[in-house]
Each structure stands twice: as structure tokens, then as C-alpha cells.
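Residue numbers (the working numbering): 100 to 150. Every residue gets a Cβ at the ideal spot worked out from N, C-alpha and C, and that includes glycine. Predicted model, so just to flag it, every value in this text is computed and none were measured.
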């Protein structure tokens, strides 16, 4: 999945990586993505669900 993300970014596509993780797992995954996709413009969006 990360290799595909890099290939799309190289072709000027915008991508969204959506996870259903919370807490420490989500933080570790975010760090991994940041390290792997270093050098690309990255925006993190946080979706809060209430209810």
C-alpha cells in the first residue's frame, strides 16, 4: 500500500489514507507513514465522531 501511495504521489495524485485505529496504534502508524513518505506534502485530518 505504501509503495502504491508513493507512486501516485509521484504522479501528482492526492491520496487519503484512512485508518480506524485510535490511541497508540494510530500514533505508531502515523509515525511510520511520516518516515516512509518523507519529502512529500502531508496533511493529517482528524475526524471526530460523536454519539
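Can you look up residue i in the DSSP assignment and give me helix, strand or coil?
i: residue 105; result: helix
i: residue 133; result: helix
i: residue 122; result: helix
i: residue 128; result: helix
For residue i, collect the residues of the same chain with a Cβ closer than 8 Å to its Cβ; drop the 5 residues on either side in sequence, then sort them by chain order.
i: residue 141; result: 132, 133
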